[in-house]
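Residue numbers (full-length UniProt numbering), protein chains in the order written: chain A, 1 to 273; chain B, 1 to 283.
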C-alpha cells in the first residue's frame with residue numbers, strides 16, 4: 001500500500017516535468033551525429049554567404065559604387081550588404097536547423113520520441129536543439145567576419161559586437177522555427193517556410209535601402225524579424241550606433257521568449273499526453 | 001483445379017501466355033517514354049498547387065525585389081536598357097535551372113532507392129533509355145510551363161522590348177534541360193545519400209546563379225572569376241535570352257556557339273544518364 005503510493009509519488013512529477021536539467025545529453029548526441037554523418041555538409045554552409053559577397057559585393061558593387069545606410073552614412077556597396085548577409089546566414093542556418101532538421105527527427109527518425117521516453121523533458125530537447133543551431137551559426141559568423149575583416153568591410157571596432165548580435169538573431173529564429181515546425185505534417189508544408197523566407201530575405205533592406213519602397217510596404221517589412229537583424233548588424237559593423245538598436249535587440253528578446261514557451265508547450269502536447 | 005487451368009479470355013491472335021505477354025508489351029515498348037512521362041506528371045499531383053503558386057509567386061517576388069529594388073541603385077541601367085530589362089531574361093533562365101536542379105535530384109534518387117519505381121518499370125517492357133527520356137520529357141514540360149508563366153509576368157512588367165522576345169522561353173528551356181541532363185547523369189550514380197545533393201546545390205547551382213552574369217554583366221567581375229561564367233550554361237542561356245528579349249549585341253558566331261554549347265551539354269548529359277541507368281537497372 002505504502003509502496004504503491006510512493007511509486008506514484010515518484011512518477012507523477014517526472015511525467016509532467018518539462019526540464020530534467022540534462023540538455024547536455026541532447027547536445028552531445030547532436031555533435032556525435034553531425035560528426036559521423038553530415039559534418040562536411042554543415043561546414044560547407046559557410047561558403048554560401050561568401051559566394052553572395054563575392055558576386056554581389058564585387059560584381060554588382062562595381063555598378064553601384066556607394067550606398068546610403070539608414071543612418072545616412074555613405075558606405076561602399078560591399079560594406080552595405082556584408083552585414084546583411086551575416087544576418088541572413090544566421091537566419092537561414094537557424095531556420096534550416098530548426099525546421100527541416102527538426103521536422104525529420106520529429107516525423108521520420110522519431111528521435112524525440114526516444115529522447116522523451118527517457119528522463120529528458122521537452123525543454124531539454126528544445127534547448128539542446130537550439131544550442132546546436134547556435135553553435136553552427138556562431139561558426140559561420142566567425143568565419144564570415146574574418147573574411148569581412150580581410151576585405152576591409154568592418155568599418156568600426158563595434159563590428160566585434162556583431163557576433164553576439166548574430167547569435168541573438170539565430171536564437172530568435174531557431175526558437176520560433178521549432179515551434180512552427182511542430183505543426184507541420186508533410187514535406188510540402190515545409191516548402192511554405194522557404195516561401196515566407198524568400199521575400200523576407202530579398203526585401204529586408206538586405207541588398208538596397210528600404211526607402212525604395214512606399215511607406216506602407218516599409219511598415220510591413222519593419223514588422224518582420226529579419227529587418228531588425230539586418231539593421232542591428234549593419235549598425236554595428238559600420239559603427240553607426242543609435243537608440244533604435246535597443247528596439248532591435250528587444251524585438252529578438254521577445255521573439256526568443258515566445259519561441260521557447262511555444263516550443264516547449266508544443267513538444268509537451270505532442271509527446272507527453 | 002480445372003477452373004484454374006482454364007485460359008482466360010485472350011486476344012484473338014494470342015493463344016499462349018508468352019504470346020499474350022508479348023502482345024501486351026507492344027505499346028509500352030513503342031511509347032514507353034511517354035508512359036514514364038505521364039507517370040511522373042501524375043506524380044506531381046501531390047504538389048501541384050504549390051508548384052503553380054510558386055510559378056506565379058517567385059517571379060513576382062524576384063522581379064519586384066530586383067527590378068524595383070536593386071534597379072534603384074542602378075538608375076543608369078545596364079548596356080543601354082533598364083535594369084529590369086537586363087535582369088528579366090536572367091531570372092527566367094535561373095527559374096529553369098532551379099526546376100531542373102530540383103527535379104533531377106531527390107526525385108531521381110528516390111526512383112532508385114526509396115521508392116524504386118525505376119526497377120519496376122524496367123521489369124515491365126520499358127527500357128532504361130525510355131525511363132530517362134520520359135523523365136526528361138516531364139522535366140521539359142514543367143520547365144516550359146513555368147518559364148512561359150514567367151515570361152507572361154515579365155511582359156506585364158513591360159520588360160521585353162523586342163518582338164522576338166518569346167524566343168527567350170526556348171533559350172531558358174534549353175538552359176534548364178542542359179543543366180538537368182548533366183545533373184541527372186550524376187544523381188543516377190549515387191547509391192548512398194551522404195548529402196551530395198546539398199553539396200551540389202551549394203557548390204554548383206548557387207555559384208552558377210551568382211557568377212553567371214545574372215545580376216550584372218560578367219565583365220564586372222575580376223578576371224580570375226570570369227572563367228566560372230564562361231563555363232556556365234546559365235551564362236550562355238542568359239545571354240541568349242538577352243539577345244532575344246532586348247537585342248543584346250553580339251556577333252552571330254557567338255550566339256551560335258552558345259546554342260551549340262547548351263545542346264552539346266544536354267546531349268552528353270543525356271547520353272551519360274542513359275548509360276548510368278542501363279548499368280544500374282540491368283545489373
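Note that the Cβ used here is the ideal one computed from N, Cα and C, for glycine as well. Here the structure is a predicted model, which is why all the values come from computation and not from measurement.
Proximal chain A residues relative to residue i, where beta-carbon distance stays under 9 Å
i, result
"residue 105(B)", "Residues of chain A passing the Cβ test: none, with the nearest at roughly 13 Å."
"residue 206(B)", "47, 48, 51 and 52"
"residue 210(B)", "51, 52, 54, 55, 56 and 59"
"residue 202(B)", "41, 44, 45, 47, 48 and 51"
First and last residue of the uninterrupted beta strand (DSSP E) at residue i
i, result
"residue 68(B)", "First-last for residue 68(B): undefined, no H or E at that position."
"residue 75(A)", "74-76"
"residue 42(A)", "Element bounds for residue 42(A): not the beta strand (DSSP E) but the alpha helix (DSSP H), 39-44."
"residue 206(B)", "From DSSP, residue 206(B) is part of no beta strand (DSSP E) but of the alpha helix (DSSP H) over 206-210."
"residue 68(A)", "66-68"
Proximal residues of chain A, C-beta to C-beta of residue i below 7 Å
i, result
"residue 68(B)", "212"
"residue 146(B)", "Those within 7 Å of residue 146(B) in chain A number zero; the least Cβ separation is about 15 Å."
"residue 42(B)", "Chain A residues near residue 42(B): none, gap ~16 Å exceeds 7 Å."
Contact check, residue i vs residue j, beta carbons under 9 Å
i, j, result
"residue 88(A)", "residue 238(A)", "no"
"residue 267(B)", "residue 179(B)", "no"
"residue 235(B)", "residue 269(B)", "no"
"residue 27(A)", "residue 132(A)", "yes"
"residue 169(A)", "residue 224(A)", "no"
"residue 176(A)", "residue 109(A)", "no"
"residue 171(A)", "residue 256(A)", "yes"
"residue 205(B)", "residue 136(B)", "no"
"residue 229(B)", "residue 172(B)", "no"
"residue 198(B)", "residue 38(A)", "yes"
"residue 59(B)", "residue 153(B)", "yes"
"residue 37(B)", "residue 141(B)", "yes"
"residue 94(B)", "residue 238(B)", "yes"
"residue 285(B)", "residue 157(B)", "Since the first residue shown for chain B is 1 and the last is 283, residue 285(B) is missing from the structure and cannot be characterised."
"residue 246(B)", "residue 86(B)", "yes"
"residue 178(A)", "residue 107(A)", "no"
"residue 134(B)", "residue 32(B)", "yes"
"residue 212(A)", "residue 84(A)", "no"
"residue 221(A)", "residue 95(A)", "no"
"residue 66(B)", "residue 202(A)", "yes"
"residue 80(A)", "residue 143(A)", "no"
"residue 70(B)", "residue 83(B)", "yes"
"residue 242(A)", "residue 71(A)", "yes"
"residue 200(B)", "residue 54(A)", "no"
Within chain B, partners of residue i - CB distance below 7 Å
i, result
"residue 199(A)", "61"
"residue 58(A)", "221 and 222"
"residue 191(A)", "50"
"residue 129(A)", "Here the premise fails: no neighbours, minimum Cβ distance about 19 Å."
"residue 41(A)", "195, 198 and 199"
Presumed contact (8 Å Cβ cut-off) between residue i and residue j, rounded CB distance
i, j, result
"residue 112(A)", "residue 271(A)", "7 Å"
"residue 226(A)", "residue 204(A)", "4 Å"
"residue 211(B)", "residue 232(B)", "7 Å"
"residue 20(A)", "residue 121(A)", "5 Å"
"residue 90(A)", "residue 57(A)", "With a Cβ gap of about 18 Å, residue 90(A) and residue 57(A) do not count as contacting."
"residue 108(B)", "residue 121(B)", "Contact flag wrong, Cβ pair sits at about 13 Å."
"residue 163(A)", "residue 145(A)", "7 Å"
"residue 244(B)", "residue 164(B)", "5 Å"
"residue 191(B)", "residue 276(B)", "Actually they are not in contact, since the Cβ atoms of residue 191(B) and residue 276(B) sit about 11 Å apart, beyond 8 Å."
"residue 169(B)", "residue 148(B)", "6 Å"
Under 8 Å from the C-beta of residue i: neighbouring residues of chain A
i, result
"residue 47(B)", "188 and 191"
"residue 57(B)", "195"
9 Å Cβ cut-off: residues of chain B touching residue i
i, result
"residue 203(A)", "61, 64, 65 and 69"
"residue 216(A)", "By Cβ distance, chain B contributes nothing, its closest Cβ being about 14 Å from residue 216(A), past 9 Å."
Host alpha helix (DSSP H) of residue i (start-end)
i, result
"residue 173(B)", "167-187"
"residue 222(A)", "215-223"
"residue 246(A)", "244-271"
"residue 94(B)", "83-103"
"residue 209(A)", "Premise fails: residue 209(A) is in no alpha helix (DSSP H) and is neither H nor E."
"residue 227(B)", "226-231"
"residue 285(B)", "With chain B represented from 1 up to 283, any question about residue 285(B) goes unanswered, as that position is not in the structure."
"residue 250(B)", "No alpha helix (DSSP H) holds residue 250(B); DSSP gives it neither H nor E."
"residue 201(B)", "Run containing residue 201(B): none; DSSP gives neither H nor E here."
"residue 78(B)", "That residue, residue 78(B), is in no alpha helix (DSSP H); it is neither H nor E in DSSP."
"residue 282(A)", "An answer regarding residue 282(A) cannot be provided, because it is not within the stretch 1 to 273 covered by chain A."
"residue 106(B)", "106-112"
"residue 130(A)", "122-150"
8 Å Cβ cut-off: residues of chain B touching residue i
i, result
"residue 151(A)", "Under the 8 Å cutoff, chain B gives no residues; its nearest Cβ is about 13 Å from residue 151(A)."
"residue 208(A)", "69, 70, 72 and 73"
"residue 89(A)", "By Cβ distance, chain B contributes nothing, its closest Cβ being about 12 Å from residue 89(A), past 8 Å."
Taking only runs of the beta strand (DSSP E) that begin and end inside the region 156-195 of chain A, which ones reach a length of at least 3 residues, in chain order? none
Quick check for students: name the residue ranges of the alpha helix (DSSP H) that lie wholly in the region 12-65 of chain B, counting only runs of 4 or more. 17-24, 26-43 and 48-62
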